[in-house]
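Chains A and B, in that order, give the protein sequences. Positions 51 to 746 (the numbering used here) are the ones given, in order, by the first sequence. Positions 51 to 746 (the numbering used here) are the ones given, in order, by the second sequence. In this text, a Cβ means the ideal position worked out from N, Cα and C, and glycines have one as well. Notes follow the structure.
There are 2 protein chains.
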Amino acid sequence: MSSPYSRPLRGNVLLPACILLLFRLDQFRAEDGMEELATEKEAEESHRQDSVNLLTFILLLTLTILTIWLFKHRRVRFLHETGLAMIYGLLVGVILRYGIPSTSYHNKTPPSCSLKERPVPTLLLNVGNKFFEYTLKGEINSREIHNVEQNDMLRKVTFDPEVFFNILLPPIIFHAGYSLKKRHFFRNLGSILAYAFFGTAVSCFVIGNLMYGVVKLMQVAGQLMDKFYYTDCLFFGAIISATDPVTVLAIFNELHADVDLYALLFGESVLNDAVAIVLSSSIVAYQPTGENSHSFDAAAFFKSVGVFLGIFSGSFAMGAVTGVVTALVTKFTKLHCFPLLETALFFLMSWSTFLLAEACGFTGVVAVLFCGITQAHYTYNNLSSESTNRTKQLFEVLHFLAENFIFSYMGLALFTFQNHIFSPIFIVGAFLAIFIGRACNIYPLSFLLNLGRRHKIGWNFQHMMMFAGLRGAMAFALAIRDTATYARQMMFTTTLLIVFFTVWVFGGGTTPMLSWLHIRVGDHTLSREEEASRQWQYLRVGVDPDLDPQPTSDSFQVLQGDGLQSNGGSKTKQESAWLFRLWYSFDHNYLKPILTHSGPPLTSTLPGCCGPLARCLTSPQAYENQEQLRDADSDLILNDSDLTLTYGDTAITANGACGRRKKSNSEEALERELEAVDHEVISRGTRLVFPIEDHA
Amino acid sequence: MSSPYSRPLRGNVLLPACILLLFRLDQFRAEDGMEELATEKEAEESHRQDSVNLLTFILLLTLTILTIWLFKHRRVRFLHETGLAMIYGLLVGVILRYGIPSTSYHNKTPPSCSLKERPVPTLLLNVGNKFFEYTLKGEINSREIHNVEQNDMLRKVTFDPEVFFNILLPPIIFHAGYSLKKRHFFRNLGSILAYAFFGTAVSCFVIGNLMYGVVKLMQVAGQLMDKFYYTDCLFFGAIISATDPVTVLAIFNELHADVDLYALLFGESVLNDAVAIVLSSSIVAYQPTGENSHSFDAAAFFKSVGVFLGIFSGSFAMGAVTGVVTALVTKFTKLHCFPLLETALFFLMSWSTFLLAEACGFTGVVAVLFCGITQAHYTYNNLSSESTNRTKQLFEVLHFLAENFIFSYMGLALFTFQNHIFSPIFIVGAFLAIFIGRACNIYPLSFLLNLGRRHKIGWNFQHMMMFAGLRGAMAFALAIRDTATYARQMMFTTTLLIVFFTVWVFGGGTTPMLSWLHIRVGDHTLSREEEASRQWQYLRVGVDPDLDPQPTSDSFQVLQGDGLQSNGGSKTKQESAWLFRLWYSFDHNYLKPILTHSGPPLTSTLPGCCGPLARCLTSPQAYENQEQLRDADSDLILNDSDLTLTYGDTAITANGACGRRKKSNSEEALERELEAVDHEVISRGTRLVFPIEDHA
């Protein structure tokens with residue numbers, strides 16, 4: 051059915067748009083005839099068209115930005131920028147589709163030639179003893195042969211789907227990983243992993259099976275025109291299981307909604323993207339052998355599971371390793387004296403993760419996600435204050451542009467994509483299936499998790515999570531990646547409609563839903579002073595308020611926190627599994643000291659026999675931290691606003707220092723540290739970990 | 051000779067490298083035979099190869115960054131990062147060329163088919179009733195047919211030359227324009243324009259004619275294998291006239307060398323890039339009609355001049371217009387409350403200049419340059435302090451990466467480019483010609499300029515400018531753009547060697563040359579306190595120290611400057627032409643108030659009849675500035691470090707306010723303003739223009 055080159059034919063706009071003509075003029079030589087002049091003009095025309103197309107998108111984004119400013123200015127919350135981008139995309143799509151007279155389409159079949167061999171990547175064309183090189187673009191259906199050149203303009207605005215996967219998604223996903231360094235993320239890590247892994251798998255299989263029923267129904271009703279296998283249904287389940295509640299999270303941010311709920315939703319949506327990608331590729335890898343090619347085959351099933359585990363762990367390892375390497379490089383060089391070099395290195399290393407994973411046959415996007423998390427957890431602490439800002443801002447801008455581009459493209463695609471298959475039964479079935487799938491993910495899992503959790507996930511939280519099952523960029527990118535077969539085209543159309551509906555309706559309904567479910571609004575863990583000082587920050591778009599509170603409020607909180615330290619100690623014990631606590635103690639005692647300037651000196655955590663190695667790996671700052679804290683905690687902390695000229699980021703762990711002061715590396719101290727992670731605050735040159743009263 | 055598709059054949063790595071395979075697995079369907087599996091594997095292999103190639107470049111850049119850190123750390127100045135990037139590129143090139151066993155090259159001729167018609171952009175291939183689409187890549191020489199697939203790997207690491215022009219150059223050029231907002235740039239604008247326009251034209255024609263002599267000599271000596279026209283020589287003159295003294299400027303920055311000399315060199319190098327591009331395309335446009343196709347033809351000559359003026363003014367207009375539109379948008383919306391939106395808008399608008407210019411048939415790179423200058427002059431003042439930082443840092447990183455990428459690619463290209471033509475006579479001739487050309491640019495022009503200048507350009511400055519005639523990224527990008535003919539290939543090889551030589555030898559010799567020429571080192575206009583506070587900033591790479599001095603030192607300088615105000619008044623009168631002063635008064639009285647929040651309110655500069663319009667266009671801040679200054683200049687200035695929460699950037703022109711205080715808009719006041727531009731300092735939310743003693 052599908053062959054290696056069965057991708058839909060699309061004009062690849064991005065690069066050709068860049069490959070524009072300046073020196074075309076030199077090609078009007080006297081010895082060349084009129085025909086080349088014509089080809090020349092055609093080529094020039096096509097390049098101009100590319101520029102115009104990209105310009106269209108840029109103007110769309112500009113319009114979106116200006117409108118969203120107006121909305122934010124007037125505090126309109128029912129429509130998020132992504133929803134707006136889709137609307138503008140739709141409008142432009144309608145104009146392109148219906149507003150341009152049909153005379154501009156030239157309907158002709160390009161010349162063809164025959165070859166006995168298999169298709170080759172490079173073909174030579176001999177025209178009057180001049181040779182021209184042609185490269186393979188893809189296979190096309192025989193029904194499309196006659197309109198390859200038809201609707202040229204519509205095809206032009208249609209991007210190569212790989213652009214989404216390889217240019218637009220990586221910055222989005224990296225940014226998500228890089229901003230995962232949240233106080234509440236690690237607290238809820240167990241639940242987040244459960245939702246992301248088991249939940250997504252459950253959702254995928256529920257949706258897949260329901261859709262198989264729908265497909266059978268369509269077959270009975272005579273609505274199915276072509277093959278639609280069970281694996282296709284599962285594939286649809288996988289791509290549509292990637293949630294993207296960007297709209298909901300933006301409103302949470304703005305209204306300072308409950309931080310635990312925020313962490314659960316954000317963490318789940320970030321990780322389930324990775325799960326959905328790997329899941330869909332392992333479903334595709336499920337290929338029973340022999341004639342009976344679409345029935346169950348245990349060998350193929352286990353192969354699929356193996357592919358899932360292989361790709362996932364491989365990509366995870368790639369991401370983690372490059373993150374660790376970057377952390378080591380930034381720790382052991384004094385690169386932080388040159389923030390530009392540091393930022394460039396950071397950017398290059400993060401990009402190399404993607405390429406490395408792809409070169410090794412793993413999934414670049416997933417590797418980039420874990421690289422982002424590692425960078426945030428370790429490297430971030432080694433960067434100079436300028437670089438921390440610069441990297442955050444750089445990726446924030448890239449993320450913002452890429453995300454809005456994808457959403458406005460989605461709007462456009464509804465009208466410009468040539469092979470939509472609108473099947474009412476399939477669409478209605480899919481809408482039902484995703485709600486049932488989401489419900490089967492959230493409610494049973496929450497029940498199970500609540501058995502082990504101290505802070506139960508309440509009914510209102512569960513309903514909100516159910517409600518926040520929006521679909522977005524990842525589902526779209528996965529769906530558009532392969533639209534060669536009938537089944538895939540139907541899936542693509544349905545996915546588009548689901549994204550539109552969920553973003554507009556659920557996104558718009560977030561504020562009423564929050565109040566209807568009595569979910570706390572206004573960040574209750576913040577003091578009033580802090581809230582006032584942070585006010586300006588919440589005005590920013592897409593910035594996680596947890597990430598960098600105002601430096602002015604730190605010292606206040608630290609002092610306060612120091613007094614309340616005894617409160618938070620033992621609460622987490624029941625909550626976190628021993629495995630998790632083991633990881634934390636390992637991370638705090640060994641990884642952080644090795645990879646960053648923070649944590650206790652290795653000389654105090656490693657056994658005596660490793661003395662020389664420990665001294666070699668421990669950064670001077672680690673001793674300093676200890677010394678300084680021992681001497682005068684609060685003085686240092688109060689004066690930390692003058693620390694801008696210190697070397698790099700010094701991380702001072704108030705709690706950890708306590709542990710060391712008592713010379714106990716006991717589990718108890720680590721418990722506190724674990725609890726304290728919630729209240730981690732990063733100030734300009736100093737990282738302060740302080741326990742504040744637990745939000746009960 | 052050359053046809054529309056006679057570009058050299060190169061693997062376009064950038065996009066394919068991204069177009070990597072994830073869902074390839076789904077294509078191993080049972081019904082497809084072994085042959086597609088083979089094609090499939092080939093494609094996958096090729097994509098992995100692309101990833102590996104890009105990874106190579108990233109590792110190269112990473113290595114460069116680490117080494118350059120070491121150099122900066124140890125204050126090694128004889129080798130700049132660009133020189134280092136070239137060395138690493140050379141090493142990798144050698145390894146790729148000679149280190150990989152020749153068995154990995156598969157030497158086969160791809161299948162070909164014939165067609166009677168002219169070459170078409172899209173070709174269909176019929177293989178057993180399956181249709182495949184092919185796209186035209188370019189014409190290839192008949193001698194190359196048999197090794198299209200040979201040295202596949204070497205061809206792979208060779209980028210599409212348009213990538214340089216359309217992806218890598220724009221951020222470099224935009225950054226140059228955006229950092230042109232220097233105090234000393236405008237003071238020397240006349241001289242800079244003279245060097246950039248007349249100087250480059252002179253250099254181009256001198257080099258072109260000398261090279262024509264060399265070519266004739268080669269013809270006599272029997273060293274010329276193919277045609278080499280006079281226009282080719284002029285073209286070579288144009289591409290090699292673009293100077294790029296990045297190495298020299300970096301050292302100037304580090305040593306705080308004379309600021310006027312810095313401004314002259316930097317300004318010249320930025321603008322002559324634009325001149326060289328447009329000049330080369332107008333030389334290419336010089337096509338005498340009729341049979342006598344390479345002799346002089348007045349009509350064709352004037353057509354060329356027309357093309358030059360047309361492209362230049364068109365690109366200039368495009369750049370200026372988008373800059374102005376951005377300024378207006380940022381002024382009249384309160385977008386500065388949302389720095390992310392603001393930055394995104396700024397980025398999109400700047401990019402749209404490029405596309406707009408290309409879509410209209412002008413030169414995107416030139417448009418981007420003028421857009422950058424306009425953005426720096428107007429929009430920059432309207433941005434929030436966060437956005438000013440963010441935009442600067444964003445473009446700084448892009449510039450850094452793009453520049454080092456180009457230089458390391460240059461090193462690589464010396465060994466991996468397949469069609470080098472090393473002609474000793476041509477190379478020696480070219481080296482002589484560029485020195486003579488540079489001399490004919492600098493010395494006569496300096497003589498003429500000195501007739502009109504108050505601050506003469508001394509002999510040592512002239513020698514230094516002569517010495518700083520390095521060639522870099524622009525010459526390379528112009529040379530690699532078209533390497534289809536024998537002449538162009540020879541030019542490309544020669545350009546590469548000239549870049550290597552000038553960057554290493556002249557770049558490395560800058561420090562000795564400075565002391566040998568007795569050029570002042572250590573910025574003499576800075577107070578000691580300021581210098582100390584700026585110290586950290588000079589450590590940064592590629593950052594213009596003039597651009598943003600430490601806020602702490604502003605208030606000090608302003609107060610000092612206020613006292614010395616009377617000194618600088620009338621000096622500039624003789625120096626600047628009336629046209630220039632007219633522009634300044636126009637800019638200060640009308641453009642700045644309309645486009646930014648700075649300058650005097652329009653109500654005071656426009657005639658009374660325009661009252662309503664003036665009130666509408668003047669931002670509230672303009673009145674405030676006036677009020678505040680009238681009330682208490684120094685108080686406000688001393689407290690300006692607390693102004694971070696004000697709306698946008700308020701620009702306070704100490705001198706301008708003086709003029710208004712006396713209610714005189716006379717030329718005299720503008721003279722002072724003009725003089726004061728030299729001492730413009732931008733602090734966090736406030737722009738202060740103050741006169742300080744003139745550095746004599």
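- Bridge partners of B:R521 according to DSSP: B:T293.
- Between B:M524 and B:I492, the C-beta gap is not smaller than 9 Å, which leaves the two residues out of contact.
- Counting along the chain, the unbroken alpha helix (DSSP H) around B:T561 starts and ends at T560 to W566.
- Shortest Cα-Cα distance from A:F630 to any of A:A527, A:C387 and A:L243 involves A:L243.
- Neighbours of B:T466 across chain A, judged by C-beta separation under 9 Å, do not exist; the nearest C-beta is about 19 Å away.
- Note on geometry: alpha-carbon atoms of B:N432 and A:T114 lie some 20 Å from one another.
- Contact between A:I108 and B:S402 holds, since their C-beta atoms are separated by about 5 Å, short of 8 Å.
- Contacts with chain B at 9 Å (Cβ-Cβ) do not include A:Y312.
- In summary, B:H568 is exposed, with fewer than 16 beta-carbon neighbours lying within 10 Å of its beta-carbon over all protein chains present.
- According to the DSSP assignment, A:D310 belongs to the alpha helix (DSSP H) that extends over V309 to A335.
- Check the Cα spacing between A:G487 and each of A:G139, A:T646, A:Y245 and A:E446: the tightest is with A:Y245.
- In the DSSP assignment, the residues bridged to A:V571 are A:A307.
- If you draw a straight line from the Cα of A:L173 to the Cα of B:F182, it is about 11 Å long.
- Its chain contains A292, T413, V415, V416, M524 and L528 as the residues whose beta carbon lies nearer than 8 Å to that of A:I327, once the 5 sequence neighbours on both sides are disregarded; these appear in chain order.
- Interface annotation, A:I108: in contact with chain B, CB-CB separation under 9 Å.
- One finds I115, V447, F450 and L451 in chain A with Cβ atoms closer than 7 Å to the Cβ of B:A394, taken in chain order.
- Boundaries for B:I217: no alpha helix (DSSP H) harbours it, and the DSSP string shows neither H nor E there.
- Between B:S332 and B:V355, the gap from beta carbon to beta carbon is short of 9 Å.
- Its chain contains V328 as the residues whose beta carbon lies nearer than 6 Å to that of A:F362, once the 5 sequence neighbours on both sides are disregarded; these appear in chain order.
- Annotation: A:A452 to A:V213 spans about 11 Å, alpha carbon to alpha carbon.
- Separation of the CB atoms of A:A664 and A:T653 is rounded to 5 Å, and the pair is thereby assigned contact status at 8 Å.
- Excluding residues up to 5 positions away in sequence, A292 and M524 lie with their Cβ nearer than 6 Å to the Cβ of A:D323 in the same chain.
- By a beta-carbon distance limit of 8 Å, B:T376 does not contact B:L520. Their separation comes to about 32 Å.
- DSSP places A:C421 in the helix class (H, G or I) of the three-state scheme.
- B:S229 sits in coil when the DSSP states are folded into three classes, being neither helix nor strand.
- By the Cβ neighbour-count rule, A:A518 is buried, with 16 or more other Cβ atoms within 10 Å of its own.
- As computed with DSSP, B:C163 is found in a beta bridge with A:L175.
- Distance from the CA of B:C283 to the CA of B:M136, rounded to the nearest whole angstrom, comes to 27 Å.
- Rounded to whole angstroms, the gap between the alpha carbons of A:P562 and A:Q512 is 16 Å.
- Taking 9 Å as the cut-off, the Cβ atoms of A:Q425 and A:G373 count as close.
- At least one beta carbon of chain B lies nearer than 9 Å to the beta carbon of A:C387.
- Between A:Q539 and chain B, the shortest Cβ-Cβ separation is not below 9 Å.
- Under the Cβ criterion of 9 Å, B:A409 is counted among the residues facing chain A.
- Looking at B:G661, B:A350 and B:R570, the one whose alpha-carbon comes closest to that of B:D308 is B:R570.
- Per DSSP, B:F128 lies in no alpha helix (DSSP H) segment and is marked neither H nor E.
- Between A:I477 and A:I257, the C-beta gap is not smaller than 9 Å, which leaves the two residues out of contact.
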